[in-house]
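K.L.:
Residue numbering for the sequence shown follows our numbering, starting at 87 and increasing by one per position.
All residues carry an ideal CB built from backbone N, CA and C; glycine is no exception.
I have a structure I would like to understand better, so I am pasting it below and will then ask my questions one at a time.
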Amino acid sequence: MQNIKEMKDELARECHSIEDVRDMLKNLFKDTLQEIFEAEMDEHLDHHKHSNQGDKSI
C-alpha cells in the first residue's frame, strides 16, 4: 500500500489539470467503495454460509 506522500507525488506527476485531479479522485473513491462493499458482502455471505440458524428448525 502506498503511503500518503507517494500518492500525493503520483497525483502531482500525473495530473495536469483540475479535471485530471477530479477524475483521479473520482476513480479512487469509486474503487475504494467497491472494495469496501465487496469485503462486506464476503463477510456477510460467509457468515450466513457457516450459520446453523434455520437448519432443520421448526
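According to DSSP, is His130 part of a helix, a strand, or is it coil?
P.N.:
Helix at His130.
K.L.:
Would you grab the beta carbon distance between Cys101 and Met110 for me? Rounded to a whole angstrom, and I think it's under 8 Å.
P.N.:
With a Cβ gap of about 6 Å, Cys101 and Met110 count as contacting.
K.L.:
Please report the straight-line C-alpha distance between Glu105 and Lys112, rounded to a whole angstrom.
P.N.:
For Glu105 and Lys112, the distance between alpha carbons rounds to 10 Å.
K.L.:
Write down the C-beta distance between Val107 and Leu114 rounded to the nearest angstrom, noting that I regard them as a contact closer than 8 Å.
P.N.:
With 8 Å as the limit, Val107 and Leu114 do not qualify as a contact, their Cβ atoms being about 10 Å apart.
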